[in-house]
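The opening residue of the sequence shown carries number 41 in my numbering; numbering runs sequentially from there. Glycine included, every Cβ here is placed at the ideal spot set by N, Cα and C. Quick notes on the structure that follows.
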Amino acid sequence: MAKREHWGSRIGFILAAAGSAIGLGNIWKFPYIAGQNGGAAFVVVYLGCIVGIGFPLMLAEFAIGRKTQKDPLGAFRNLRPQGRWFLVGGLGILASFLIFSYYSVVAGWTLGYIYKAASGVFSNFAVPEEAGVHFASFVSNPWWAISCHAAFMSLCMVIVIGGIKAGIERWSKILMPILFLILVGLVLRGITLEGSMRGVQFFLKADFTQLNWTSVLTALGHAFFTLSLAMGIMITYGSYLSKEDNLVSSAFMVVFLDTLIALMAGLAIFSSIFAMGLDPAAGPGLTFHILPAVFQRMPAGILFGTMFFLLLAIAALTSGISLLEVVVTFFIDEKGWSRRKAVLSLGSAVFILGILTALSFGVLENVKIFGWRNFFEGLDFICANLLLPIGALLTAIFVGWVWGMRPAIQEVRSGNPRFLFAPLWSFLIRFVSPVAVAIIIVAKLMGKAF
Ligand code: PHE
């Protein structure tokens, strides 16, 4: 068998993993959930979840991947050949496959909106309602929805076909600095607008009265999603690491960059929204309903609007490739397929499945699976509320109790012989993470969170 490819540099790996973590969750979701849950008070809770649960789990996934040098299913089987633990890896691969099918549709909208922003369509929107109507007609148009989805999927396939070094690493090294520069530009634009300081205050001033148990669950759930955990991604990316790499400092950098970008996105968005006198608590529609109206009112809005949607598209692209890579690595490692064959056939399969989501906002809107939810809502519910938390719970239990902390710590020590906080890590993985995730699962099943 051919020798396994490895990342060409530490920074390349960090940027690729950060690229996966930084996605629509940071720029589209984090600002609006922070806006709805008391601004800075929510941010404090969220940071606690990231540090206490997200970071330890990311380190655990890196350790599983690097130890076994295998796709997620092979990795679990390799560490525990008896029993059915390999299914946990399989669950992550399945989640990646399913999530990619609808992530690509939403990411496709951002491509469509780059075009709309650049061609000045936003100048027609005097009020957010008009932007909302325009958005609804855009996503319900099958031609637009499917062609944007196809365009996004093709970009992901072109990058992943290049492999780890020449594809994912190379493009992450190009795209992530661009993403950062655009965001710096948008933050500067936002905070220099007249009246923006009220937005900055809103985002940075802690209002603990808005915080309740649901906010805590939201923060915890978002911590997994934003760090791309429980989907086999960090196991897969970790499997291309070599034994000399320092897992702790890499995980730290990824978590740090992810948080930094989310905070910067919040700052850019809230300063602009307040300066333009629009509604900060608009919820999920914030990006596509409110922001076009913000850009319409802002000086040089065409330029900044285009930059904003380009930012979203880049963030989505580096996340999309990580989802595809999980599934591709599985078929390469387990079925012996060539990378080319895996990318072409799996990309096409995910594309076809995604068509059902693309049509869920138009012709298929009222087609309910089992009379329950439409295709997109059903898929999102199953993945976000069941597959991901269950995957995270089983991963923590596996590392903490089945594979065991001793070999896990030994793996982390390769490349980082000191690893002073090994006992703390062990405590967090064995006790804190499983309990916290179990609480989320129960709460979600009872319909409390989100
Ligand atoms: N972490 C990404 C984000 O914040 C989301 C994502 C989830 C990416 C799953 C890949 C896989 O948007």
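- Straight-line spacing of the CA atoms in Ala382 and Trp183 works out to 27 Å.
- In the DSSP assignment, Ala321 falls outside any alpha helix (DSSP H) and carries neither an H nor an E.
- The three-state secondary structure of Gly79, taken from DSSP, is strand.
- Secondary structure at Arg413: strand, using DSSP grouped into helix, strand and coil.
- Checking the 8 Å criterion, the Cβ of Thr266 is within range of a heavy atom belonging to the ligand PHE.
- In the structure shown, the three-state DSSP call for Lys408 is strand.
- The beta carbon of Phe401 sits closer than 6 Å to those of Val179 and Ser180, all from its chain and outside the five residues before and after it, given in chain order.
- Not a single heavy atom of the ligand PHE lies less than 8 Å from the C-beta of Ala56.
- If you look at Glu365, you'll find it in the alpha helix (DSSP H) that goes Gly341 to Lys375.
- If the five residues before and after Glu169 are omitted, its C-beta is found closer than 6 Å to no C-beta atom of its own chain.
- In the three-state scheme derived from DSSP, where H, G and I count as helix and E and B as strand, Ala166 is classed as coil.
- Three or more Cβ pairs closer than 8 Å define a contact, and the region 218–232 falls short of that threshold against the region 76–86.
- Within the chosen limit of 8 Å, the ligand PHE does not reach the beta carbon of Leu393 with any heavy atom.
- Beta-bridge annotation (DSSP): Ala135 is not paired with any residue.
- In the structure shown, Ala270 adopts coil according to DSSP, grouped into three states.
- Taking non-hydrogen atoms of the ligand PHE into account, the C-beta of Asp298 is found less than 8 Å away from one of them.
- By the neighbour-count criterion, in which a residue is buried when 16 or more other Cβ atoms sit within 10 angstroms of its Cβ, Ala157 is buried.
- Straight through space, the alpha carbons of Ser473 and Ile479 are spaced by roughly 10 Å.
- Secondary structure note for Asn118: its alpha helix (DSSP H) is the uninterrupted segment Pro112 to Leu119.
- For Met304, the shortest C-beta to heavy atom distance toward the ligand PHE is 8 Å or greater.
- Sixteen is the threshold: since fewer than 16 other Cβ atoms of the shown chains lie within 10 Å of the Cβ of Met486, the residue is exposed.
- Between the beta-carbon of Pro320 and that of Phe314 there is about 7 Å, and that keeps the pair under the 8 Å contact cut.
- If you check the CB distance, Met271 and Met98 do not come in under 9 Å.
- Between Val407 and Val390, the alpha-carbon positions lie close to 20 Å from each other.
- Contact annotation: Ala74 and Thr358 have beta-carbon atoms that are not nearer than 9 Å.
- Tyr277 has its CB no nearer than 8 Å to any heavy atom of the ligand PHE.
- Distances from the CB of Gly63 to the heavy atoms of the ligand PHE include at least one below 8 Å.
- Rounded to the nearest whole angstrom, the C-alpha separation of Asn252 and Ala305 is 24 Å.
- Between the ligand PHE and the CB of Tyr86, the shortest heavy atom gap is not smaller than 8 Å.
- Per DSSP, the continuous alpha helix (DSSP H) segment holding Ala462 begins and ends at Ala462 to Phe467.
- With fewer than three CB-CB distances shorter than 8 Å, the region 442–453 does not count as touching the region 136–152.
- At the C-beta level, Leu326 and Tyr72 come within 9 Å of one another.
- Exposed is the label assigned to Pro339, since fewer than 16 other Cβ atoms lie within 10 Å of its Cβ.
- Under the DSSP definition of a beta bridge, Ala246 partners with Gly79.
- The C-beta distance from His189 to Ala398 rounds to 5 Å, short enough to fall under 8 Å.
- Sequence-distant partners of Gly394 (beyond 5 residues in either direction) whose C-beta falls short of 6 Å from its own C-beta, in its chain, are Ser141, Ser144, Val145 and His189.
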